[in-house]
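Take the sequence shown: its letter number 2 is residue 2 in our numbering, and every next letter is one higher. The beta carbon of each residue, even a glycine, is placed where N, CA and C say it ideally should be. No experiment lies behind these values; they were computed from the predicted model shown. One structure is given below, encoded as structure tokens.
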Amino acid sequence: MQLLLERIFGFVFLLVGLSHLLQPGPWVDFFKWLRSKTYGGFLVVIYTLPIAIVIVTFHSRWELRSSLILTLAGWIMLVKCVIYAVYPIAFSRTATRAFTARSSVIGGIILIAVSLLLLLDTWSS
């Protein structure tokens, strides 16, 4: 199950990273719109919590390998979801304040690098 999750999220991170890299404008617009809503934090929780729970439940690998990135991502998503569910205004105050086209591109590059690390590690073992 852990290997399967690493491969699935390797491709998910690759797609999202490419999207952030190649289409930064729509991502900036989306997060500006999301931040303008009082329920923006709840929308993040609705979409992120199931992913976080799957990763935390089925991928608890605390070894110093590339798979640790996925475990940490799951826990970070879970903590974010708890904060946004209990204190939704935290999203509007912090999450997107400095989100620009440049930061979208940088985030995309980081996600692509993480995805390649996960995918290369899963197919080389």
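So residue i and residue j are in contact, right, with Cβ under 8 angstroms, and what is the actual spacing, rounded?
i   : j    : result
R7  : T122 : 5 angstroms
L70 : L5   : 7 angstroms
S67 : Q2   : 7 angstroms
Y84 : V28  : About 20 angstroms separates the two Cβ atoms, so there is no contact after all.
Using only CA atoms, which one of the options lies nearest to residue i?
i    : options               : result
L78  : S92, R65 and I55      : I55
W62  : I53, I51, P24 and W75 : W75
V86  : I109, G41 and F11     : G41
V105 : F11, F13, F9 and Q23  : Q23
I89  : S36, H59 and I51      : S36
With respect to the alpha helix (DSSP H) encompassing residue i, which residues constitute its N-terminal and C-terminal limits?
i    : result
S19  : Q2 to L22
L120 : A101 to S124
F58  : G40 to F58
What is the DSSP secondary structure of residue i, reduced to helix, strand or coil?
i   : result
K80 : helix
R93 : helix
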